[in-house]
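Have a look at the structure below before the remarks.
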Amino acid sequence: MAALLVLAASAAPVAPPSTHARALAATCTTCHTRGGAGLAAIAPLDGRAADGIASAMRAFRSGERAGTVMPQLARGYTDADIDALAQWFAAQR
Amino acid sequence: MTSRRRFLAASAALALARGETARAAARAHGRIVVVGGGYGGATAARYLRLWSGGALDVTLVERDRAFVSCPMSNLVIGGSLAMADITTGFDALAAAGVRVVHAAARGVDPAARTVALDDGTTLAYDRLVLSPGIDFQFDAIPAFADIKLRDAFPHAWRAGPQTLALRNALVSMRAGGVFAIAIPLAPFRCPPAPYERACQAAAYFTKANPRAKVLILDANDDVLSKKELFKAAWQTLYPGMVEYRPNNALTDVDPATHAAKLEFADDVKADVLNVIPPQKAGAIADAAGVVTANGRWCEVDFLTFESIKVKGVHVLGDAIQTAPLMPKSAHMANQQAKVCAAAVVAMMAGEPVDPAPVAANTCYSFMSDTLAAHVTSVHRYDAGQKTFLPVENAGGVSSASNALEASYGRAWAKNIRADTFG
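Chains as they are written, first to last, in the numbering used here: chain B, -8 to 84; chain X, 92 to 513.
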């Protein structure tokens, strides 16, 4: 119980979860594998700060940040998508 | 707030935030049978368990004891990977609570909601997910009525024994021999793969058989995917070795001369002739009555991947009639499976399905054992047209093949496997 409380208290504030946010995040996890099972050459996103994920996506989308697949993929996601999936990943442990 | 109330609130918030115990999951119950343990079916089985919080009873019916991946299988043909590198077992899926049954599905009774297996058993389902991959239209090649010839001119388009057979045929080909790849008209599984295969064969020959030729006989009028990247690879990495012939449709083979018979050109003799036949949805789709497009593919409701014709039966992956510019790829099968799994969990709980699904595709092709390039696309459901449409200005291809993309390609292969099979 104490462990749960600590875990809950340390979680960043998140928007109300929805299955749509989960589904958006699931479009990422084919490459950004959850649970540390994949190669870290493609960064795992679980538990990362939502602001960091969202700002990286926006920087890829605008062309400000260079990359290979990510600038192209990020252009397929809206601001609302980016915020939702970023918050979903941030809430994962 | 009392500490008990605070604990309950915190626990609930945590559970909700984690997303695996959303409302629908708690209410979903029932029996889901998934047929086919490839990138589509295995992903569906795994995510049905995950997103129902273990509440759905999920059975995966898969003929083979291990899955052999088509992605990266051209690298086995080129010799830089071994079969073990592209082979995965089903133990992790079983550990996730998926009941894995090694049998072949032979029939579906959509009224009784049962699947008949070749071991004589019958499985009852509330919803059925078919991810049968492809079967070959061997009757398009008259000589293939002799079944032995299907091994003499291997397709290696379902990874497995023919992958190794084709590898061995390249290794034992005479010095200065000709390896020909015959490509059918689109659509077929994995549009860039024939051209990647030409690269991989050429990479091998450059080291082991430098006077050998790689001849691409394409029924299509041009390279179907990553065109500039493949043409650049053939010119710069394998000058004089790879020859590309568009509009060269194979109509038959001549086993006596080991030649390709072509629709508009003279026969072409080849030492090793890789005939990729035209394809259709795997046979169980036909048995289930869900093949609705040209006698080949299965049309689905793209919000749920349920057949437009047979209620309670969903179809994924290479077997479907795809949405515009949606490729028949492993990555896309994995993404479709997640849309389908989310919809099935919602439907089994009596909840509405996500009205705005998104699916992305990333596909790497290896131009050699150290250089690769990608193609990407993002597809969003369009409620007006009731299909996925590619997002304009999103997606694209690599500016050039390079080693960084090869490292990402290898990571992609490992990671999609982990996401799919656990």
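Backbone N, C-alpha and C fix where the C-beta goes; we use that ideal spot for every residue, glycine too.
Amino acids of chain X, ordered along the chain, whose beta-carbon sits closer than 8 Å to that of residue i
i     : result
B:I33 : Y499, A502, W503, N506
B:R66 : V469, V482, N484, A485, G486
For residue i, the three-state DSSP class (helix, strand or coil)
i      : result
X:T112 : Caution is warranted here: a pLDDT of 47 is assigned to X:T112, below 50, making its placement in the model unreliable, and the coordinate value is therefore given only provisionally. In the structure shown, X:T112 sits in coil (DSSP, three-state: anything other than H, G, I, E or B).
X:P481 : strand
B:D74  : helix
X:S456 : strand
X:A215 : strand
X:R190 : strand
X:D498 : Checking the sequence shown, residue 498 of chain X turns out to be Ser, not Asp. Three-state DSSP puts X:S498 in a helix.
X:K360 : strand
X:K371 : strand
X:I507 : helix
X:A323 : helix
X:G225 : A small fix is needed here, since residue 225 of chain X is Ile in this sequence, not Gly. Strand.
X:A231 : helix
X:A410 : helix
X:F396 : coil
X:R258 : helix
X:D209 : coil
Interface residues of chain B facing residue i [CB-CB closer than 9 Å]
i      : result
X:T179 : Going along chain B, no residue has its Cβ under 9 Å from X:T179, so there is no contact; the nearest lies around 12 Å.
X:S489 : T59, V60
X:L495 : T59
Boundaries (first-last residue) of the beta strand (DSSP E) holding residue i
i      : result
X:G221 : Per the sequence shown, the amino acid found at residue 221 of chain X is Leu instead of Gly. Element bounds for X:L221: 218 to 221.
B:F51  : Per DSSP, B:F51 belongs to no beta strand (DSSP E); it is in the alpha helix (DSSP H), 41 to 53.
B:I33  : Unbroken run through B:I33: none, as it is neither H nor E.
X:C431 : Looking at the DSSP string, X:C431 is not in any beta strand (DSSP E); the run it does join, the alpha helix (DSSP H), is 421 to 439.
X:D242 : No beta strand (DSSP E) contains X:D242, which is instead part of the alpha helix (DSSP H) from 240 to 243.
X:R140 : Element bounds for X:R140: not the beta strand (DSSP E) but the alpha helix (DSSP H), 130 to 142.
X:K352 : 350 to 353
B:A65  : Careful: B:A65 lies outside any beta strand (DSSP E), inside the alpha helix (DSSP H) at 61 to 65.
Partner residues on chain X for residue i, Cβ-Cβ distance less than 7 Å
i     : result
B:L15 : V449
B:R49 : Chain X residues near B:R49: none, gap ~14 Å exceeds 7 Å.
B:G54 : What B:G54 touches in chain X: nothing, since even the nearest Cβ is about 11 Å away.
B:L36 : Neighbours of B:L36 on chain X: none; closest Cβ ~12 Å, over 7 Å.
B:A28 : A509
Identity of the residue in the options nearest residue i by Cα
i      : options                        : result
X:R302 : X:R387, X:V333, X:D242         : X:V333
X:A282 : X:Q370, X:R258, X:D358         : As written in the sequence, residue 282 of chain X is Pro, which differs from the Ala given in the question. Answer by Cα proximity: X:Q370.
X:A428 : X:A157, X:G127, X:G145, X:G487 : X:G127
B:F80  : B:L64, B:M48, B:R52, B:A40     : B:A40
X:K419 : X:I123, X:A119, X:G131         : X:G131
X:G380 : X:K402, X:D362, X:Y455         : X:K402
X:V359 : X:T461, X:I123, X:A273         : X:A273
Anticipated Cβ contact below 8 Å, residue i with residue j, distance rounded
i      : j      : result
X:T254 : X:S164 : 5 Å
X:V436 : X:W142 : 5 Å
X:V159 : X:A250 : 4 Å
X:V220 : X:H405 : 5 Å
X:P368 : X:I232 : 6 Å
X:K304 : X:V314 : Their Cβ separation, rounded to whole angstroms, is 18 Å, which puts X:K304 and X:V314 out of contact at 8 Å.
X:V444 : X:A434 : 4 Å
Where the alpha helix (DSSP H) through residue i begins and ends
i      : result
B:A16  : 10 to 17
X:F296 : 284 to 299
X:G267 : Taken as a continuous stretch (DSSP letters only), X:G267 belongs to no alpha helix (DSSP H), as it is neither H nor E.
X:S164 : 164 to 169
X:L276 : First-last for X:L276: undefined, no H or E at that position.
Contacts that residue i makes with chain B (C-beta to C-beta distance below 7 Å)
i      : result
X:Q426 : T18, T21
X:T395 : Neighbours of X:T395 on chain B: none; closest Cβ ~13 Å, over 7 Å.
Under 9 Å from the C-beta of residue i: neighbouring residues of chain X
i     : result
B:G43 : The contacting residues do not exist; B:G43 stays about 17 Å from chain X at best.
Near the ligand MN: residue i beta-carbon under 7 Å from a heavy atom
i      : result
X:T150 : The ligand MN is not part of this structure, which contains no ligands at all.
Chain-ordered neighbours of residue i on chain B, where CB pairs are closer than 8 Å
i      : result
X:K429 : A14, A17, T18
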